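> One structure is given below, represented as C-alpha coordinates, and several questions about it will come after.
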Amino acid sequence: MTETTTRPAPKAAVILTERAEQRVADLMAKAPEDAIGVKLSTPRRGCSGLAYSVDYVTEEAKFDEKIETPGGIFYIDSASVLYLIGSTMDWVEDDFTAGFVFDNPNAKGACGCGESFMV
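To convert, note that position 35 of the sequence shown is 35 in UniProt numbering; the numbers rise steadily by one, no gaps.
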(Lines of atoms letter the chains of each structure in order from A; the text may use other names.)
(Lines give C-alpha, C1' and ligand atoms only; values in the text may rest on other atoms or scores of the structure.)
Protein backbone atom coordinates (compact mmCIF):
# COMPACT_ATOMS: atom_id res chain seq x y z
CA MET A 1 0.00 0.00 0.00
CA THR A 2 1.32 3.44 -0.96
CA GLU A 3 1.31 6.07 1.73
CA THR A 4 0.09 9.56 0.87
CA THR A 5 2.18 12.46 2.05
CA THR A 6 0.43 15.71 2.86
CA ARG A 7 2.44 18.86 2.29
CA PRO A 8 1.65 22.16 4.00
CA ALA A 9 -0.04 24.76 1.82
CA PRO A 10 2.53 26.87 -0.04
CA LYS A 11 3.12 30.39 1.21
CA ALA A 12 1.76 33.16 -0.95
CA ALA A 13 4.31 34.99 -3.10
CA VAL A 14 3.22 38.28 -1.50
CA ILE A 15 2.14 38.82 2.10
CA LEU A 16 -0.60 41.41 2.55
CA THR A 17 -0.70 43.35 5.80
CA GLU A 18 -4.03 43.89 7.56
CA ARG A 19 -4.16 47.42 6.12
CA ALA A 20 -3.58 46.09 2.59
CA GLU A 21 -6.29 43.46 3.08
CA GLN A 22 -8.66 46.17 4.32
CA ARG A 23 -7.87 48.30 1.26
CA VAL A 24 -8.64 45.32 -1.01
CA ALA A 25 -11.97 44.99 0.84
CA ASP A 26 -12.66 48.73 0.39
CA LEU A 27 -11.85 48.49 -3.34
CA MET A 28 -14.09 45.46 -3.80
CA ALA A 29 -16.95 47.18 -1.96
CA LYS A 30 -17.02 49.85 -4.69
CA ALA A 31 -15.76 47.72 -7.59
CA PRO A 32 -17.40 47.61 -10.99
CA GLU A 33 -20.10 44.96 -11.17
CA ASP A 34 -18.02 42.61 -13.34
CA ALA A 35 -14.90 42.73 -11.11
CA ILE A 36 -13.97 39.40 -9.50
CA GLY A 37 -10.96 40.69 -7.58
CA VAL A 38 -7.94 42.95 -7.49
CA LYS A 39 -4.74 42.10 -9.38
CA LEU A 40 -1.10 43.06 -8.80
CA SER A 41 1.22 43.14 -11.79
CA THR A 42 4.63 44.59 -12.63
CA PRO A 43 4.43 46.22 -16.07
CA ARG A 44 7.57 47.64 -17.69
CA ARG A 45 7.42 51.33 -16.88
CA GLY A 46 9.46 54.12 -15.35
CA CYS A 47 13.16 54.81 -15.35
CA SER A 48 14.13 51.66 -13.42
CA GLY A 49 12.23 49.20 -15.58
CA LEU A 50 9.31 47.75 -13.60
CA ALA A 51 6.45 49.34 -11.70
CA TYR A 52 3.77 48.04 -9.36
CA SER A 53 0.25 48.18 -10.74
CA VAL A 54 -2.95 47.27 -8.88
CA ASP A 55 -6.15 47.05 -10.90
CA TYR A 56 -9.56 45.42 -10.90
CA VAL A 57 -9.70 42.10 -12.72
CA THR A 58 -12.79 40.74 -14.49
CA GLU A 59 -11.64 37.22 -15.33
CA GLU A 60 -9.26 34.74 -13.81
CA ALA A 61 -6.10 34.00 -15.82
CA LYS A 62 -4.94 30.39 -15.79
CA PHE A 63 -1.53 30.78 -14.10
CA ASP A 64 -2.14 33.83 -11.90
CA GLU A 65 -1.61 33.31 -8.18
CA LYS A 66 -4.86 33.60 -6.25
CA ILE A 67 -4.93 34.75 -2.62
CA GLU A 68 -8.21 34.76 -0.73
CA THR A 69 -8.45 37.71 1.66
CA PRO A 70 -11.35 38.54 4.00
CA GLY A 71 -12.47 41.32 1.63
CA GLY A 72 -12.07 39.60 -1.72
CA ILE A 73 -9.77 37.74 -4.06
CA PHE A 74 -6.29 39.16 -4.66
CA TYR A 75 -4.51 37.98 -7.79
CA ILE A 76 -0.85 38.20 -8.73
CA ASP A 77 -0.04 38.25 -12.42
CA SER A 78 1.77 35.04 -13.39
CA ALA A 79 4.49 36.95 -15.28
CA SER A 80 5.16 39.07 -12.18
CA VAL A 81 5.35 36.40 -9.47
CA LEU A 82 9.13 35.85 -9.79
CA TYR A 83 9.76 39.58 -9.24
CA LEU A 84 7.54 39.61 -6.14
CA ILE A 85 8.34 36.42 -4.17
CA GLY A 86 8.87 37.27 -0.51
CA SER A 87 7.39 40.77 -0.78
CA THR A 88 5.11 42.43 1.72
CA MET A 89 2.37 44.75 0.50
CA ASP A 90 1.02 47.42 2.84
CA TRP A 91 -1.45 50.31 2.53
CA VAL A 92 -0.11 53.59 3.89
CA GLU A 93 -1.94 56.90 4.31
CA ASP A 94 -0.61 60.18 5.64
CA ASP A 95 -1.59 63.84 5.33
CA PHE A 96 -0.43 64.10 1.71
CA THR A 97 -0.45 60.65 0.09
CA ALA A 98 -2.13 57.28 0.18
CA GLY A 99 -1.10 54.13 -1.61
CA PHE A 100 0.20 50.61 -1.59
CA VAL A 101 3.80 50.30 -0.41
CA PHE A 102 5.96 47.29 -1.21
CA ASP A 103 8.87 45.80 0.72
CA ASN A 104 10.39 43.70 -2.06
CA PRO A 105 13.57 41.74 -1.30
CA ASN A 106 14.08 41.18 -5.05
CA ALA A 107 14.33 44.89 -5.90
CA LYS A 108 17.96 45.85 -6.50
CA GLY A 109 17.21 49.52 -6.89
CA ALA A 110 14.50 52.07 -7.52
CA CYS A 111 14.19 55.38 -9.28
CA GLY A 112 14.33 58.57 -7.25
CA CYS A 113 10.61 59.22 -7.48
CA GLY A 114 9.73 55.70 -6.29
CA GLU A 115 7.62 55.01 -9.39
CA SER A 116 9.62 51.98 -10.56
CA PHE A 117 12.15 49.37 -9.45
CA MET A 118 14.72 47.02 -10.97
CA VAL A 119 15.49 43.38 -10.24
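Beta carbons: idealized from backbone N, C-alpha and C, even for Gly. It should be emphasised that the depicted structure is a prediction, and the values quoted were computed from it without experimental measurement.
1. For Asp-103, which residues of its own chain have a beta-carbon under 6 Å away from its beta-carbon, when the five flanking residues on both sides are left out?
2. With the cut-off set at 8 Å, would you say Phe-74 and Val-38 are in Cβ contact?
3. Is it buried or exposed, Leu-82, if we count other Cβ atoms within 10 angstroms and call 16 or more buried?
4. For the beta strand (DSSP E) containing Asp-90, list its first residue and its last residue.
5. Which of helix, strand or coil does DSSP assign to Glu-21?
6. By the DSSP assignment, the alpha helix (DSSP H) with Leu-84 in it spans what residues?
7. Kindly indicate which three-state DSSP category Ala-98 falls into: helix, strand or coil?
8. Do you know whose CA, among Leu-84, Ala-31, Leu-16, lies nearest Pro-105's CA?
9. Hey, could you find the ends of the beta strand (DSSP E) Ser-78 is sitting in?
Answer, in terms of the structure:
1. Taking the first residue of the sequence shown as 1, we reach residue 103 at position 103. Once the five neighbours on either side are set aside, the close Cβ partners of Asp-103 are Thr-88.
2. Reading the sequence shown from its first residue, position 74 is the one you call residue 74. Reading the sequence shown from its first residue, position 38 is the one you call residue 38. A contact, by the Cβ cut-off of 8 Å.
3. Within the sequence shown, the letter at position 82 stands for residue 82. It counts as exposed.
4. Indexing the sequence shown from 1 puts residue 90 at position 90. That run of the beta strand (DSSP E) goes 87-93.
5. Taking the sequence shown and counting its residues from 1, one reaches residue 21 at position 21. Glu-21: helix per DSSP, three-state reduction.
6. Working through the sequence shown from its first residue, we reach residue 84 at position 84. Start and end: 81-84.
7. Your numbering for residue 98 matches position 98 in the sequence shown. Three-state DSSP puts Ala-98 in a strand.
8. As a working mapping, residue 105 is identified with position 105 in the sequence shown. Considering only alpha carbons, the answer is Leu-84.
9. To locate residue 78, count along the sequence shown from 1; it is residue 78. That residue, Ser-78, is in no beta strand (DSSP E); it is neither H nor E in DSSP.
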